[in-house]
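Protein chains in written order, with the UniProt record's numbering: chain Z, 1 to 739; chain Y, 1 to 739.
Note sheet for the following structure.
Protein chains: 2
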Amino acid sequence: MNWWKIVGGVLGGAVLLAAGLLIGHFAIPKNTEPIWAKEVSRDVDEEFIQEFMKEVDNKRIEDNLRRLTLKPHVATTAADEELVQVILSHWRDTNHGLDDAQEVRYDVLLSFPDEKIPNNVRVVNPEGSVTFTSRRAESEITQDQKDPDILQPFLAFAPNGTAKGKLVYANEGKVSDFQHLSEKINLTGTIAIVRYGGTGRVNKAINAAQYGVIGVIIYTDPKDINDGKSDPNQTYPYSWYMPPSGVERGSFKENFGDQLTPYYPAKNFTYRIKESEIKGLSPIPAQPIGFEDAKTLICNLQGPPAIDTWQGSLGCTYNLGPGFQPSSEFSSSDVEVNVYNKRTIKSSANVMGIIHGSVEPDRYVMYGNHRDSWVHGAIDPSSGTAVMMEITRVLGTKLKQGKWRPRRSIVFGSWGAEEFGLVGSTEFAEEYYSKLKDRTVAYINVDISVFANASLRAQGTAPAQGVIFTASKQVKTPQGTTVYENWKSKYNRTSPQYGLIPQIGTLGSGSDYAPFLHYLGITCMDIAYTYDRGVTSARIYPAYHTAFDTFDYASKFIDPGFTSHQMVGRTAGNVLLRLSDSLILPLGVRDYVETLEDYYNKAEQNFQANLNSKNISLAPLKSAVERYKKACETLEETIKNLKEMQEAPLKIRMINDQLMLLERAFINHLAFPDKLYYSHVIWASRSSGVATFPGLADTYLQATASNSQHDWDMVHHQLTVAIYAVESAASTLELVTKI
Amino acid sequence: MNWWKIVGGVLGGAVLLAAGLLIGHFAIPKNTEPIWAKEVSRDVDEEFIQEFMKEVDNKRIEDNLRRLTLKPHVATTAADEELVQVILSHWRDTNHGLDDAQEVRYDVLLSFPDEKIPNNVRVVNPEGSVTFTSRRAESEITQDQKDPDILQPFLAFAPNGTAKGKLVYANEGKVSDFQHLSEKINLTGTIAIVRYGGTGRVNKAINAAQYGVIGVIIYTDPKDINDGKSDPNQTYPYSWYMPPSGVERGSFKENFGDQLTPYYPAKNFTYRIKESEIKGLSPIPAQPIGFEDAKTLICNLQGPPAIDTWQGSLGCTYNLGPGFQPSSEFSSSDVEVNVYNKRTIKSSANVMGIIHGSVEPDRYVMYGNHRDSWVHGAIDPSSGTAVMMEITRVLGTKLKQGKWRPRRSIVFGSWGAEEFGLVGSTEFAEEYYSKLKDRTVAYINVDISVFANASLRAQGTAPAQGVIFTASKQVKTPQGTTVYENWKSKYNRTSPQYGLIPQIGTLGSGSDYAPFLHYLGITCMDIAYTYDRGVTSARIYPAYHTAFDTFDYASKFIDPGFTSHQMVGRTAGNVLLRLSDSLILPLGVRDYVETLEDYYNKAEQNFQANLNSKNISLAPLKSAVERYKKACETLEETIKNLKEMQEAPLKIRMINDQLMLLERAFINHLAFPDKLYYSHVIWASRSSGVATFPGLADTYLQATASNSQHDWDMVHHQLTVAIYAVESAASTLELVTKI
């Protein structure tokens, strides 16, 4: 054999061996490789998000809205129950449904007007004759207002009774308003007419009663809702402005959730407190009226004229009363408020839908909106429900086609009885408190999805900011810019860290996120499209809670073409997918640093001098904030290192748990024993005007007023509560092996 | 080229290619296979557990105990600080230390006797002469009792003052005892002498004060502690019995943790309540004495003889008083209780040690014991610390040798100031509340590790039962049986599910597990060796909290050879390793079914008739228990299916989270607003004798006494609390995608 043949053979053999090695190693799947290994490290699919957004369809949203608004669907009425079935069948659809959908019911205390004896406001002359009665219903501008199922205007949970006395005008019914008024007029036994705005609905009556007022009338001033316009030719159906007969209905109580079962789900086994034990109700009758009726009352008042800031747009000088001008038709007359509401326990349904997570089914990304309305509720809440149904249709289709399954479970909620005070969502949060607090990544609320079609409006806690920014940068407006850029041009702030960015608002207790945020400590956000404040100063969209909040109104004046609905659907759905599918949760816990530093600075500026004189030091609060900041840096370092190497799924879960549970570290159920459900040390309700830790701000306000040692001790206690919360939050983010 | 050459070449090539394929596929590690894939699915290593147990050394435990008991080491004294350093350096040792060890300090309110003015009990005759003074110190039986650092007997936090009056004998100082006594004697202005036992230490004085008693003397009756023996020749140093001069010291307050900072860690930033705001203290002075002194007082009492069950073993008839027999040397004399304690804020250290988990570092298995004693504390607590140090030595050695690292992190705690009311552990639980509740798998407490050398004694919540059984079956006794079999022969019960098994006791608030169980809702257990009740009825080991609890006493009378210490170390260490290393957590959540069914049955038997008449139904409680049982079956099915296939690490984590968090579902911080720290709906403190849900039992007791509607409403409320807790627990165990 020639040497070259030997060399050739050896070389050839080596090549074959090498080929075998390569093929065997790379091309033949190894049995020992766990089947799940790839799945657990899959990150969010940007192409899928693009596809999702493309498929969110404005026409379908419009169709959804048309179906949802056929009838008034007040909580627990037949029309509400019909919508329960509409949503259930949508979520159980074999082509675009979810993995599972159920109705979950609670027996909750609601309040309705009596069909047979309508509430009213009357003027009664000294002889006992009735010379004026408020409208029983709004004017019949379209077929919609003729629907026999429209509930007459009322305030749910306002106590029954007849209150009769001289009328006074009390501006917005704030404590300061009654204080001012009482310096001029003896309010004992009077009836106060107040306009919406400035303070919570029921607080107007609670405040009034403290000054001796015995009945309250609430109306909507054209100044506040209609940019001053009150002429019927300028209002709906000719514009989006509220017609003169429009009346804002609403819940009339301070605390949310079923009033008889605080902290426990309203189930068959649940002990119910007595109605007399309910806290935060009005002690006096109250009734809402439209500005047409309000004008008749206010423009006939006698007494000194109200100060300039109290004047409205009814086209007359607002006098304070008490009573009517001698020259008017109502001379010497009294005003009567007659309320005949019925409180009753009703079965209210939430509809719950779920898409099972593939890798982490025990992590929930929640998305919800309420279903019940006051009348047809085209904007509130059906604009949100129409969007939610479109999001679930697109995702459900992908799911049923086997093209997608989220990493984490997605839970959708169509809440019942929100208008009566966040009832369905609160009962749900109570029933599943234990597992929701352990497993929920975030809650996305889209209630009113479009207030107006000018700009995105997002509210949320700090960790939600980043993902909303990311999503809104990917959504185009009809004008060709991005939702993000348009938003930034309309509502912005300068962030120490990021420079000029859109302004994210804070969450109060205005919609169903409240129990999730305040009681459970879940990162929450609320997403909508809203006004251009250069164009309107309306307090809210003018048809809010009236019989004019209809499909006709929405499609003509709020969002013709439904492109704003579509943008909200794309943005919120994008956020949802990032939260459900990202390998590392897109929760920007570092963004709490700005909140905390701002809170600290506010406390220092406003309180430090006085606190020093009481030997209470803010220094430990400052260190706590610094510790929090440092913990964020450590965590970011850990995440960066993770991304640079192939890492274990349990390391990723560890980090995700830190991110998910960060918001929970701010929860302290013992912090505010007098505030039902409010346990979030950063976001609890606050009376003080200083935007810092609410417990600290409110006790400080009290202590400076009383200057008692006990009250200063309470300031110190609340400072401890704040420091402890920030320290706990830092500890949650620090290395888990730090002791 | 010949055909055979071609064939040979092709064949040879094929062989080489095949060899390459095989080698490439099987022998060369694949880069795409994640390096963590094997590690995440590794289960507990039974060989390692055997090796660990083998290496737990009785001689080393003995050496540890000798070192720990050189001096009295009351919390925050120099000797306690020395032991902080001893443990720190043990845990930082380069050959057998942990990954990290730190001291963590809190500034807590403690109470000490005044060295210059000793507390005492005196007899003062009508002329004002002192005719008897209680011993200042225990008799000097060995060198140990001569130590100048021994604190004179006292009751920590007993209020200062001088109380003077006629002496009465009040048995154990229970409410029923004072009730009985007050029917015979006017107690106003009297001094009561009571024996230890029957009720909590401080409750004797709280009860006494309610009947007009102004001072309390507490002593240990030989009947209760010495099986009746009181002769110095029958007691230590001749036996384990308490010498006549022995005095049980102790904490004298109802609530645990630092008294000035409830719910918050006692740090520099923490607001401190006023001493006058502390709840659960004695309102009257109190002092403990030995039975030698007690005999002088009791055997001279006049008045009617006490009933039989009140008689003790002092060798005389116990009369009730008031005052002394006319024939005695104390005729007409008063008794005086003089207390001069000093309350002071001290810096107390916990020593924390950690072994970082390899796979799930964010899961903590905790093991702890306190470090501080009342005197030398050989049994209480150093027997536990000696064992803990040996466990960490063996594990630390393996760790430093690179032979082992646990799957989960192991956190060791040497708590400060337990004797003053679980202070160190409570402050730790408060400081890290947020992350401990999210991450802690279980807490193992080994305080007194050996009360006596007869049998294992374990207390714990239901999920701990199985792992303690497993461990104790693997530990041999010196007699050749297993710890488990020996235990079962001494303390057993018949379980509906398992038949005859050892009896696991319930956890009260007697040691450092209390904050972890009651406030955090962590599965807890307490492990020790204990008495043969056929041999002794001693209330506790007789040297408890006296100057005779020394190394000499422990090594001669409690555990000669230290083999019981060794068995406890092996059992507790085995449990620790199973909790830290098992793939699926060995927490038997199904074992709560027996607890819950038993609770339900007790409620039905004792309450149902009356509840029915008040329209309160127990049926929803029964369904809740059934739901819990069913949820356990579902979870067991999921676990079984998991074990049958190669499963994803995140599925295992999901199940482990359900198991870990089950106990947390029973926590309700709003359930018992008047009971500091008690939030566990199953295990909160209970006054009623009916062993069922404590809130239900206690409100029922109250309602049957008052028969007021309000009190029956509270029964209904507490029934709701119980049902809600069981429903929440079931929900935690059910399929995570169930909505």
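Just so it is clear, CB atoms sit at the ideal spot from N, CA and C, and this is done for glycine as well.
(message) Please tell me whether Asp-107/Y has its Cβ less than 9 Å away from any Cβ of chain Z.
(response) Looking up residue 107/Y in the second sequence gives position 107. For Asp-107/Y, the answer is no, since every Cβ of chain Z falls outside 9 Å of its Cβ.
(message) My output table needs one value for Asp-231/Z: the three-state DSSP class, helix, strand or coil.
(response) Here residue 231/Z refers to the residue found at position 231 when the first sequence is read from its first residue. It is coil, neither helix nor strand.
(message) Can you look up Val-387/Z in the DSSP assignment and give me helix, strand or coil?
(response) On the first sequence, residue 387/Z is found 387 positions in, with the first residue counted as 1. When secondary structure is reduced to three states using DSSP, Val-387/Z falls in the helix class.
(request) Leaving out five residues on either side along the sequence, give the residues of the same chain with a beta carbon under 8 Å from the beta carbon of Arg-201/Y. (result) Locating residue 201/Y in the second sequence gives position 201, where the first residue counts as 1. Excluding sequence neighbours, Arg-201/Y sits near Leu-155, Ile-218, Gly-250, Ser-251, Phe-252.
(request) Would you mind listing the beta strand (DSSP E) stretches within the segment 232 to 315 of chain Z that are 3+ residues and don't spill past its ends, in chain order? (result) 286 to 289
(request) Give the interface partners of Lys-435/Y over in chain Z, defined as CB-CB distance under 7 Å, in chain order. (result) The residue labelled residue 435/Y in the question sits at position 435 within the second sequence. Ordered by position in chain Z, the residues that pass the 7 Å Cβ test against Lys-435/Y are Ser-731, Thr-732.
(request) Name the one or two DSSP bridge partners that Gln-608/Z has. (result) For the purposes of this step, residue 608/Z is identified with residue 608 of the first sequence, where counting begins at 1. Gln-608/Z is not bridged to any residue.
(request) Out of Asn-341/Z, Lys-223/Z, Pro-265/Z, point me to the one whose CA is closest to Pro-542/Z's CA. (result) Here residue 542/Z refers to the residue found at position 542 of the first sequence. When only C-alpha atoms are compared, the closest one is Lys-223/Z.
(request) Determine the direct distance from the alpha carbon of Ala-572/Z to that of Ile-444/Z, and round the result to whole angstroms. (result) Translated into positions along the first sequence, residue 444/Z becomes position 444. Translated into positions along the first sequence, residue 572/Z becomes position 572. Answer to the nearest angstrom: the Cα atoms are 8 Å apart.
(request) State the beta-bridge partners of Cys-524/Y as determined by DSSP. (result) Indexing the second sequence from 1 puts residue 524/Y at position 524. DSSP output for Cys-524/Y lists Tyr-443/Y as bridge partner(s).
(request) Please name the residue, chosen from Ile-558/Z, Ser-434/Z, Ala-730/Z, Arg-627/Z, that lies closest to Thr-732/Y on a Cα-to-Cα basis. (result) On the second sequence, position 732 is the one that residue 732/Y refers to. Nearest of Ile-558/Z, Ser-434/Z, Ala-730/Z, Arg-627/Z to Thr-732/Y, Cα basis: Ser-434/Z.
(message) Please state the DSSP three-state secondary structure of Gln-179/Y.
(response) On the second sequence, residue 179/Y is found 179 positions in, with the first residue counted as 1. Three-state result, Gln-179/Y: helix.
(message) When you compare the CB positions of Ser-728/Y and Phe-666/Y, do they come within less than 9 Å of one another, or not?
(response) Along the second sequence, read from residue 1 onward, the residue named residue 728/Y stands at position 728. Along the second sequence, read from residue 1 onward, the residue named residue 666/Y stands at position 666. Taking 9 Å as the Cβ cut-off, Ser-728/Y and Phe-666/Y qualify as a contacting pair.
(request) Please confirm if Thr-737/Z has its CB atom under 9 Å from at least one CB of chain Y. (result) Sequence index remark: in the first sequence, residue 737/Z carries index 737 (1-based). Judged by the 9 Å Cβ criterion, Thr-737/Z is in contact with chain Y.
(request) Have a look at Asn-31/Y and Ala-624/Z and give me their C-alpha separation to the nearest angstrom. (result) As a position in the second sequence, residue 31/Y is number 31, starting the count at 1. As a position in the first sequence, residue 624/Z is number 624, starting the count at 1. A caution first: Asn-31/Y carries a pLDDT of 48, below 50, which makes its placement in the model too unreliable to give a value.
(message) Among Ser-327/Y, Ser-685/Y, Ser-425/Y, whose alpha-carbon lies nearest the alpha-carbon of Asn-300/Y?
(response) Counting from 1 along the second sequence, the entry for residue 300/Y is found at position 300. Ranking the options by Cα distance to Asn-300/Y, first place goes to Ser-327/Y.
(request) Determine the direct distance from the alpha carbon of Glu-594/Z to that of Gln-566/Z, and round the result to whole angstroms. (result) Mapped onto the first sequence, residue 566/Z falls at position 566. Mapped onto the first sequence, residue 594/Z falls at position 594. Taking the straight line from one Cα to the other gives about 32 Å.
(request) Output the distance between the C-alpha atoms of Ser-139/Z and Asp-147/Z, rounded to the nearest integer angstrom. (result) Here the question's residue 139/Z lines up with position 139 in the first sequence. Here the question's residue 147/Z lines up with position 147 in the first sequence. If you take the alpha carbons of Ser-139/Z and Asp-147/Z, they lie about 12 Å apart.
(request) Using only alpha-carbon positions, find the residue among Val-441/Z, His-545/Z, Ser-358/Z, Thr-494/Z that is nearest to Ile-448/Z. (result) Counting from one through the first sequence, the residue named residue 448/Z turns up at place 448. Of Val-441/Z, His-545/Z, Ser-358/Z, Thr-494/Z, the residue nearest in Cα terms is His-545/Z.
(request) Please confirm whether Gly-357/Z and Met-388/Z have their CB atoms less than 9 Å apart. (result) Indexing the first sequence from 1 puts residue 357/Z at position 357. Indexing the first sequence from 1 puts residue 388/Z at position 388. Not in contact: Gly-357/Z and Met-388/Z (Cβ atoms no closer than 9 Å).
(message) Ignoring anything shorter than 3 residues, give me the beta strand (DSSP E) runs that lie fully in the segment 85 to 140 of chain Y, in order along the chain.
(response) 100 to 112, 120 to 124, 130 to 133
(request) May I ask you to verify whether the segment 378 to 397 of chain Y touches the segment 458 to 477 of chain Y, counting CB pairs closer than 8 Å and requiring at least 3? (result) no
(message) Given this structure, state the Cα-to-Cα distance separating Ser-111/Y from Arg-272/Y, to the nearest angstrom.
(response) Translated into positions along the second sequence, residue 111/Y becomes position 111. Translated into positions along the second sequence, residue 272/Y becomes position 272. C-alpha separation (whole angstroms): 16 Å.
(request) Could you name each continuous beta strand (DSSP E) segment of 3 residues or more that falls completely within the segment 345 to 428 of chain Z, going from the start of the chain to the end? (result) The segment 345 to 428 of chain Z contains these whole beta strand (DSSP E) runs: 360 to 370, 408 to 415.
(message) Just to confirm, is the Cβ distance from Phe-562/Y to Tyr-236/Y under 9 Å?
(response) Here residue 562/Y refers to the residue found at position 562 of the second sequence. Here residue 236/Y refers to the residue found at position 236 of the second sequence. Their beta carbons are not under 9 Å apart, which means Phe-562/Y does not touch Tyr-236/Y by this criterion.
(message) Let's test the definition: count the other Cβ atoms within 10 Å of the Cβ of Ile-117/Y and tell me whether it reaches 16, buried, or not, exposed.
(response) As a first step, residue 117/Y must be located in the second sequence, where it is residue number 117. Per the 10 Å Cβ criterion, exposed.
(message) Closest to Glu-663/Z by C-alpha separation, out of Phe-132/Z, Thr-426/Z, Thr-692/Z, Ala-462/Z, would be which residue?
(response) Indexing the first sequence from 1 puts residue 663/Z at position 663. Measuring from the Cα of Glu-663/Z, the nearest candidate turns out to be Ala-462/Z.
(message) Quick check: is the beta carbon of Asp-362/Z nearer than 9 Å to any beta carbon in chain Y?
(response) Residue 362/Z sits at position 362 when you count from the first residue of the first sequence. For Asp-362/Z, the answer is yes, since a Cβ of chain Y falls inside 9 Å of its Cβ.
(request) Run down chain Y in chain order and give the residues with a C-beta less than 8 Å from the C-beta of Tyr-271/Z. (result) By 1-based counting over the first sequence, the position of residue 271/Z is 271. Those within 8 Å of Tyr-271/Z in chain Y are Asp-713, His-716, His-717, Leu-719, Thr-720.
(request) Work out the CA separation of Ser-582/Z and Pro-29/Z for me, nearest whole Å. (result) As a working mapping, residue 29/Z is identified with position 29 in the first sequence. As a working mapping, residue 582/Z is identified with position 582 in the first sequence. Residue confidence is low: Pro-29/Z scores 48 on pLDDT, short of 50, so the model does not pin down where it sits. No coordinate-derived value is stated.
(message) Can you list, in chain order, the residues of its chain with a C-beta nearer than 6 Å to that of Asp-177/Z? Leave out the 5 residues immediately preceding and following it.
(response) As a working mapping, residue 177/Z is identified with position 177 in the first sequence. So the qualifying residues of the chain are Ala-170, Asn-171.
(message) Any beta carbon from chain Y within less than 9 Å of Gly-353/Z's own beta carbon?
(response) Mapped onto the first sequence, residue 353/Z falls at position 353. Output row for Gly-353/Z: interface = yes.
(request) Return the CA-CA distance between Tyr-599/Y and Pro-694/Z, expressed in angstroms with no decimal places. (result) The residue labelled residue 599/Y in the question sits at position 599 within the second sequence. The residue labelled residue 694/Z in the question sits at position 694 within the first sequence. Looking at the two C-alpha atoms, the distance is approximately 42 Å.
(message) Let me check understanding here. Comparing Cα to Cα, which of Leu-422/Z, Pro-285/Z, Asp-657/Z lies closest to His-370/Z?
(response) Position 370 of the first sequence holds residue 370/Z. Comparing Cα positions, the closest option is Leu-422/Z.
(message) Buried or exposed, going by whether 16 or more other CB atoms sit within 10 Å of the CB of Gly-128/Y?
(response) One-based indexing of the second sequence puts residue 128/Y at position 128. Label assigned to Gly-128/Y: exposed.
(request) Would you check if the distance between the CB atom of Ile-410/Y and the CB atom of Ser-580/Y is smaller than 9 Å? (result) Here residue 410/Y corresponds to residue number 410 of the second sequence, with the count starting at 1. Here residue 580/Y corresponds to residue number 580 of the second sequence, with the count starting at 1. Yes, the pair counts as a contact, with Cβ atoms nearer than the cut-off.
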